[in-house]
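See structure below.
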Ligand code: VGL
Ligand code: ZN
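Numbering (my numbering), first residue to last: 3 to 205.
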């Protein structure tokens, strides 16, 4: 079985959103076009409580882009984004959410961030995604969405470590690029660690 993992295609990561990704909305038609070609379509939502400690606003005198130690892990501080049940956390308009079989929420623990769709950043808790995929006998996963240099990257790396045949849909992702080359570097790292790079039109 093959699964499409649609990562964090949410209003806050699209142009005009709180943590906007340049051309982030360009991944919506790519995701929609692929959904019918998969046995399982799983979408993740970054889903933070308002007191989440990845938000710079929750630390006095800190601002987005700074790096702190958060419970022993290095944490980039972000603008307030994807707060549970608020507008910015909704799926981006136009995404065919009726074709999504399962939604995985991540980043719900205020004390730890969660980039990967599988585990939090300390690999302390699982989201249930790996168990779901194993139960459905999924062996190949195709990953797309936002953002290439954070949540997509860590989802791909965890999928590889878990033994899934893992594809990155290169035209279905865009990056935050805090540093201009971050997306390029992330794609290189995913590829070096075993991800297969594929364009949506070749699937
Ligand atoms: C993400 C930063 C913070 C992402 C989520 O979806 O890539 N990036 N939270
Ligand atoms: Zn987040």
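Idealized CB from N, CA, C, for every residue including glycine.
query, result
"Where residue 4 sits in the DSSP three-state scheme", "strand"
"Closest residue to residue 175 among 98, 113 and 149 (Cα-Cα distance)", "149"
"Helix, strand or coil at residue 164 [DSSP, three-state]", "coil"
"At least three beta-carbon pairs within less than 8 Å, the region 107-124 to the region 15-33", "no"
"Near ligand 1: residue 10 beta-carbon under 6 Å from a heavy atom", "yes"
"Cβ-based neighbour list, residue 101, same chain, cut-off 6 Å, excluding 5 preceding and 5 following", "37 and 43"
"Under 7 Å between C-beta atoms of residue 160 and residue 134", "no"
"Distance CB(residue 140)-CB(residue 3) smaller than 7 Å", "yes"
"Check whether residue 188 and residue 167 have beta carbons under 7 Å apart", "no"
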